[in-house]
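Residue numbers (the working numbering): 51 to 322. What follows is one structure encoded as structure tokens, with my remarks underneath.
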């Protein structure tokens, strides 16, 4: 059946996995303060691809010996935690991750994963790479491209209440085009920004690397990810990093592997 849009859109529940938390207005739905720990950085997040970007960077900074400590608090987006008054104060867009920085009396909120990555990398002059323009270009490539992979392909392939051929084909084509862009680049250089492992890799890997490793949408076979050997090799290389394994665990409360779940993180000893 062909859908005929009305002259003026009216709010209706569209169904699907996340229908209960979708709404056409912003702002809080309930009053609730966010928990606060003892460390300078307070992270409020969930181990989705966007959340994992930031916890990987935190753990990579620690692995590299930087004086970094953080508390990571679980925001369960399925339960609507992102619409609490406390969370909206940190991120008016009600999306994870969100960070509150109290270092040296900064008292600054930072939201959007790319902004958090840049804030932390610049603070510690780490993982910025030797070619800043290239790093920034690939970092923002991810910000612009991933919505087509997640909200486009991932939604219609895995989460929509019914399988529709047109949107699945439309976004599968775009997902494969993006994988080809990445594969071509990684055929030229070891890391996306060139010779250095940077926050651009940390931003791209949770989406495209985990997709190729079979951890996203159950779509690796459907998208024939073996056609992108350079992406596969890069994905496996990053996956083997100890800081990446720890970063994947933080704020994770889902999945069958209990050893990968660390809903809250307050100390380096929590991983033991």
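Beta carbons are placed, not taken as given, at the ideal position from N, Cα and C, and that holds for glycine.
Would you mind reading off the limits of the beta strand (DSSP E) that contains residue i?
| i | result |
| --- | --- |
| residue 123 | 120-124 |
| residue 91 | 91-95 |
| residue 159 | 158-161 |
| residue 149 | 148-151 |
Would you mind reading off the limits of the alpha helix (DSSP H) that contains residue i?
| i | result |
| --- | --- |
| residue 229 | 215-236 |
| residue 137 | 135-140 |
| residue 113 | 99-113 |
| residue 289 | 279-289 |
| residue 194 | 182-197 |
| residue 295 | 292-299 |
| residue 250 | 249-254 |
Am I right that residue i and residue j are in contact with their C-beta atoms under 8 Å? What's the rounded C-beta distance?
| i | j | result |
| --- | --- | --- |
| residue 78 | residue 134 | 6 Å |
| residue 243 | residue 253 | In fact, because the Cβ distance is near 11 Å, the residues do not count as touching under 8 Å. |
| residue 118 | residue 112 | 5 Å |
| residue 176 | residue 89 | That pair is no contact at about 18 Å. |
| residue 65 | residue 211 | 4 Å |
| residue 147 | residue 127 | Incorrect: roughly 11 Å between the Cβ atoms, too far for contact. |
| residue 228 | residue 195 | 5 Å |
Return the chain-ordered list of same chain residues with a C-beta closer than 7 Å to the C-beta of residue i, the five sequence neighbours on each side being excluded.
| i | result |
| --- | --- |
| residue 122 | 93, 95, 105, 300, 301, 314 and 315 |
| residue 256 | 99, 102 and 103 |
| residue 233 | 278, 280 and 281 |
| residue 214 | 206 |
Could you check if residue i is buried or exposed, using at least 16 other CB atoms within 10 Å of its CB as the buried criterion?
| i | result |
| --- | --- |
| residue 143 | exposed |
| residue 161 | buried |
| residue 69 | exposed |
| residue 205 | buried |
| residue 281 | buried |
| residue 109 | buried |
| residue 319 | exposed |
| residue 192 | buried |
| residue 216 | exposed |
| residue 298 | buried |
| residue 200 | buried |
| residue 225 | buried |
| residue 63 | exposed |
| residue 266 | buried |
| residue 182 | exposed |
| residue 203 | buried |
Assuming contact is defined by CB atoms lying nearer than 9 Å, are residue i and residue j in contact in what I supplied?
| i | j | result |
| --- | --- | --- |
| residue 248 | residue 171 | yes |
| residue 236 | residue 283 | yes |
| residue 304 | residue 97 | yes |
| residue 91 | residue 149 | yes |
| residue 293 | residue 259 | no |
| residue 159 | residue 139 | yes |
| residue 261 | residue 275 | yes |
| residue 207 | residue 67 | no |
| residue 180 | residue 81 | no |
| residue 189 | residue 223 | no |
| residue 321 | residue 296 | yes |
Flag residue i as yes when its Cβ comes closer than 8 Å to any non-hydrogen atom of the ligand GTP, and as no otherwise.
| i | result |
| --- | --- |
| residue 184 | Summarising the ligand content, the structure contains no ligands, and the ligand GTP is consequently not present. |
Within the same chain, show all residues whose beta-carbon is closer than 8 Å to that of residue i, passing over the 5 residues directly before and after it, in chain order.
| i | result |
| --- | --- |
| residue 174 | 111, 116 and 118 |
If I measure Cβ to Cβ from residue i and keep anything under 6 Å in the same chain, skipping five residues before and after, which residues do I get?
| i | result |
| --- | --- |
| residue 264 | 270 |
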